[in-house]
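Chains as they are written, first to last, in the numbering used here: chain F, 1 to 253; chain L, 254 to 890. Just so it is clear, CB atoms sit at the ideal spot from N, CA and C, and this is done for glycine as well. Here the structure is a predicted model, which is why all the values come from computation and not from measurement. A quick write-up on the structure given underneath.
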């Protein structure tokens with residue numbers, strides 16, 4: 001018994017690299033197996049566009065198993081679609097109804113410049129990490145891995161924060177286009193581990209300063225980021241970030 | 254050409270120490286005078302770029318994605334091996350070395366593999382210091398688990414996201430160096446040519462994937478860490494952008510390609526379920542710690558799994574291999590799954606699947622324990638298939654996953670082109686004819702953090718370098734060639750899409766050069782690939798133009814290389830008239846259908862030299878010398 005198929009109408013944002021303005025184009029997506037992923041559905045549409053002599057829709061994607069963080073688009077107003085904790089590549093067509101119209105748009109945020117169609121430039125997130133999202137340790141000299149025990153609860157919390165895939169959905173979902181969840185995740189991950197403590201104050205200040213400089217907005221506790229995060233990263237990470245920032249500022253004052 | 258692997262003399266356990274002492278050093282003040290290009294930002298590339306920058310070299314690092322953190326190492330799930338013996342279960346460097354050599358069916362180098370096992374412990378130390386959140390027990394110390402091909406618990410892990418966490422560790426080290434100005438990052442660039450001047454690798458030509466411009470970069474040495482070529486099969490567990498271009502272009506410039514037919518088919522993947530499918534998803538090997546593999550005893554049994562009583566199930570791995578059971582190495586597990594399906598015992602819609610059942614483990618340990626270990630994998634399975642592995646067994650089938658073959662390198666990880674180093678999956682060196690689970694992460698990081706930073710110094714210190722700039726003729730020629738290929742692809746304006754042709758190539762390779770091979774099939778494959786290549790250049794349809802982000806053009810360039818490279822895989826498989834590890838030629842098998850090696854005639858590495866398109870490559874052989882282990886028939890019974 002093979003999966004049922006559905007017919008859809010897509011309204012897709014199209015914008016060339018040098019175009020000042022974009023527009024929605026409407027394309028049919030017919031005979032879509034409900035076992036397909038959203039990106040496989042776009043592949044099928046792109047094959048048809050290619051055969052009709054229309055340039056296919058540009059979209060970022062790579063691992064297609066929900067971990068690289070490269071894919072992402074706003075589907076009917078929701079970053080990565082409305083399924084919880086799901087990247088676009090893991091969103092399957094069984095969640096859509098026959099005859100449905102789907103609106104597909106790129107991430108929109110001041111700090112993410114549009115490249116083409118659904119492709120945006122997220123290099124600002126790398127710049128935030130460059131500002132301090134690391135532990136300063138060179139290869140070569142560390143002590144035995146078991147010489148510093150880390151309580152399991154802390155290790156688990158650090159892991160949960162470290163699960164961020166850097167897709168940018170939090171920024172796209174935030175009405176202020178803030179990157180606080182992204183930064184909170186990294187600050188928490190490293191601040192929770194003993195190895196990350198020595199630089200904790202310096203790190204949090206540098207990362208937040210960089211975020212402001214790059215044109216991301218501030219957090220006003222909308223919590224949209226938590227709802228859309230494909231890895232289920234909690235806004236508790238933002239609380240921890242604020243606490244770390246407060247501690248750092250007080251120390252330096 | 255005589256291949257010299259440059260394995261240091263002396264006892265196995267002292268080779269690396271001795272070599273490190275004998276390597277020339279670059280004075281710390283002089284390191285900043287050297288420019289090094291690293292292509293790729295996976296575990297091998299990112300760790301190499303970061304570490305060389307820490308040492309003081311100037312590094313230019315290139316990647317195909319929008320940021321280095323996306324490299325496909327990120328998808329590795331299960332874990333990373335290290336001979337720490339924290340579990341106190343009899344592990345040692347020697348045992349990890351032996352397991353790896355045996356797992357590879359005695360087709361890798363003793364010297365390289367021993368060094369890998371030695372370095373494994375340092376990797377864990379370094380990654381913990383970087384903040385990699387490995388799994389821990391309640392005492393706060395690191396936890397481990399078992400993996401295929403080993404009887405000790407030496408695999409360190411971070412849930413089912415070990416690759417992600419290790420890569421983010423290497424990425425953070427890399428970002429630190431970018432922030433310091435020691436690494437210059439070039440994302441969304443695809444390498445289209447290697448530039449060789451006076452016999453030495455001196456730079457690369459890349460295509461800027463956003464603007465379409467061809468750009469030249471010069472350096473004193475070039476490091477390729479560009480991953481494997483599993484996507485030759487179209488369907489694989491590789492990310493969509495994984496390709497062979499960088500390695501293949503180096504091959505065309507004179508680097509030998511070793512053992513291209515050694516491709517790992519991973520036993521536990523979600524089965525193929527439609528013709529539109531774009532990729533296959535791995536379910537980590539760690540699942541075989543607790544999952545039991547079975548098929549119905551009766552061929553054609555269409556009952557649902559829970560309706561089949563115990564007495565009518567065949568737990569074939571446990572039955573055939575009592576001491577390793579479900580944890581036999583990947584090649585053995587894959588071949589057995591295929592064998593069961595060929596007998597008509599396969600399950601699911603297509604009959605191309607076997608069950609991986611957690612019912613016993615859930616009964617024994619409780620759902621919570623299983624969820625803590627594998628929760629994210631079960632979720633992923635449920636998202637893709639719509640079925641819950643807590644309630645019904647997973648359906649799995651083998652899929653192309655990793656390539657042991659790659660550019661030939663010596664003990665210094667240098668290819669046959671001077672100054673061209675190759676790391677990670679892109680080289681061929683450590684896994685022989687079959688890689689053990691959790692060893693890819695180990696090798697990528699050993700190469701990048703702890704081997705290349707030493708050996709590249711030995712090369713740079715002893716080599717005179719005349720000045721070469723990007724306006725050198727060799728670069729202009731590289732650009733002209735690349736432009737010609739792009740124009741040629743866009744000019745065909747045929748009727749078939751790139752994906753259609755790629756899919757067809759994939760099927761040819763899967764049918765004839767996949768889990769089992771025979772001479773006649775391989776010869777058929779050769780004809781079919783050549784024919785398909787001709788069709789591609791006559792009838793491919795690449796829309797858009799070359800001055801823009803053009804993803805169809807990117808794919809076309811990759812498929813063009815796969816269409817040549819696929820032929821090399823088949824030629825290599827035809828040449829190796831034995832079975833070993835993943836390479837199973839049906840004419841060479843034991844009575845129990847295990848791979849039957851021919852150590853007298855094939856105990857060597859095949860290294861191929863490019864002569865020209867449509868011409869047979871020249872074969873060079875590097876004999877494999879075993880002084881410390883005895884070559885035996887692999888047995889996991």
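When DSSP builds the beta bridges, which residues end up paired with residue 137 of chain F?
Per DSSP, none; premise fails for residue 137 of chain F.
Against residue 15 of chain F, what residues of chain L qualify as contacts under a CB-to-CB distance less than 9 Å, listed in chain order?
For the C-beta of residue 15 of chain F, not a single chain L residue is nearer than 9 Å; the gap to the nearest is close to 11 Å.
Where residue 122 of chain F sits in the DSSP three-state scheme
Reduced to three states, the DSSP call for residue 122 of chain F is coil.
Helix, strand or coil: how does DSSP classify residue 650 of chain L here?
Annotated three-state conformation of residue 650 of chain L is strand, per DSSP.
Can you give the Cα-Cα distance for residue 147 of chain F and residue 184 of chain F, rounded to whole angstroms?
Cα to Cα, residue 147 of chain F sits roughly 28 Å from residue 184 of chain F.
Distance CB(residue 301 of chain L)-CB(residue 476 of chain L) smaller than 7 Å:
For residue 301 of chain L and residue 476 of chain L, yes; Cβs fall inside 7 Å.
Using a Cβ cut-off of 7 Å (strictly closer), state whether residue 232 of chain F contacts chain L.
It does not: the Cβ of residue 232 of chain F has no partner Cβ on chain L nearer than 7 Å.
Comparing the C-beta of residue 476 of chain L with each C-beta of chain F, is any distance below 7 Å?
Chain F places no beta carbon closer than 7 Å to that of residue 476 of chain L, leaving this residue out of the contacts.
According to DSSP, is residue 873 of chain L helix, strand or coil?
Assignment of residue 873 of chain L by DSSP, reduced to helix, strand and coil, places it in the strand class.
Helix, strand or coil: which one does DSSP assign to residue 227 of chain F?
Looking at residue 227 of chain F - three-state DSSP - the assignment turns out to be helix.
Nearest candidate by alpha-carbon position, reference residue 490 of chain L, set L:653, L:270 and L:361
The shortest Cα separation from residue 490 of chain L among L:653, L:270 and L:361 belongs to L:653.
Can you tell me whether residue 50 of chain F is buried or exposed? The criterion is at least 16 other CB atoms within 10 Å of its CB, across all chains shown.
That one is buried.
Which chain F residues are close to residue 534 of chain L, counting only those with a beta carbon under 7 Å from its beta carbon?
Those within 7 Å of residue 534 of chain L in chain F are 65.
Are the Cβ atoms of residue 370 of chain L and residue 349 of chain L separated by less than 7 Å?
Going by C-beta atoms, residue 370 of chain L is nearer than 7 Å to residue 349 of chain L.
Residues in its own chain within less than 7 Å of residue 819 of chain L by CB, not counting five upstream and five downstream?
The answer, listed in chain order, is 485, 758, 762 and 782.
Kindly provide the ranges of any alpha helix (DSSP H) runs that are 4 or more residues long and lie completely inside the segment 715-766 of chain L, ordered along the chain.
Segments of the alpha helix (DSSP H) lying fully in the segment 715-766 of chain L: 726-745 and 751-765.
Report all residues from its chain with a CB closer than 7 Å to the CB of residue 396 of chain L; omit the five preceding and five following residues, and keep chain order.
Closer than 7 Å at the Cβ level, and outside the excluded window around residue 396 of chain L, lie 388, 389 and 390.
Does residue 492 of chain L come within less than 7 Å of chain F when only Cβ atoms are used?
Yes, its Cβ sits closer than 7 Å to a Cβ of chain F.
Enclosing beta strand (DSSP E) for residue 522 of chain L [first to last residue]
It spans 516-522 - the beta strand (DSSP E) in which residue 522 of chain L sits, taken as one unbroken run.
Closer than 7 Å, CB to CB, is residue 138 of chain F near chain A or not?
This model lacks chain A altogether; the protein chains it does include are F and L.
Spatial neighbours of residue 1 of chain F within its chain, please: CB distance less than 8 Å, with the 5 preceding and 5 following residues excluded, ordered by chain position.
In this prediction, residue 1 of chain F has a pLDDT of 45, which is less than 50 and means its spatial position is unreliable; what the coordinates show is noted afterwards. Result list for residue 1 of chain F: empty, nothing under 8 Å.
Please state the DSSP three-state secondary structure of residue 106 of chain F.
Three-state result, residue 106 of chain F: coil.
Checking 7 Å against the spacing of the C-beta atoms, do residue 495 of chain L and residue 825 of chain L come in under that value?
Contact: no.
Helix, strand or coil at residue 336 of chain L [DSSP, three-state]
Residue state, collapsed to three classes: coil.
Can you tell me which of the three DSSP states residue 455 of chain L falls into?
Strand at residue 455 of chain L.
Might you give, ordered along the chain, the residues of its own chain that have their beta carbon closer than 6 Å to the beta carbon of residue 122 of chain F, omitting 5 neighbours on each side?
Cβ contact annotation for residue 122 of chain F (same chain, cutoff 6 Å, sequence separation greater than five): 112 and 168, in chain order.
Return yes when the C-beta of residue 312 of chain L is under 6 Å from any heavy atom of the ligand MG, and no when it is not.
The ligand MG is absent from the structure shown, which contains no ligand whatsoever.
Quick one: what's got a C-beta closer than 7 Å to residue 3 of chain F's C-beta in the same chain, skipping five residues either side?
Closer than 7 Å at the Cβ level, and outside the excluded window around residue 3 of chain F, lie 33, 34 and 35.
Quick check: the Cα distance between residue 880 of chain L and residue 483 of chain L, rounded to an integer number of angstroms?
Taking the straight line from one Cα to the other gives about 33 Å.
List the residues of chain L that residue 96 of chain F touches, going by C-beta distances under 7 Å, in chain order.
Residues of chain L passing the Cβ test: none, with the nearest at roughly 14 Å.
Residue 680 of chain L to residue 671 of chain L, Cα distance in whole Å?
Their backbone Cα atoms lie some 15 Å apart in a straight line.
Which residues share a DSSP beta bridge with residue 9 of chain F?
For residue 9 of chain F, which the question treats as bridged, DSSP gives the partners F:28 and F:101.
Per DSSP, residue 861 of chain L forms a beta bridge with which residues?
Answer is L:510 and L:872, bridged to residue 861 of chain L.
From residue 7 of chain F to residue 120 of chain F, what does the alpha carbon distance come to, in whole angstroms?
Each residue's alpha carbon lies about 28 Å from the other.
State the Cα-Cα distance for the pair residue 849 of chain L and residue 855 of chain L, rounded to the nearest angstrom.
If I take the Cα positions, the gap works out to 11 Å.
Below-7 Å beta-carbon distance, residue 568 of chain L vs any chain F residue
Cβ-Cβ to chain F under 7 Å: no for residue 568 of chain L.
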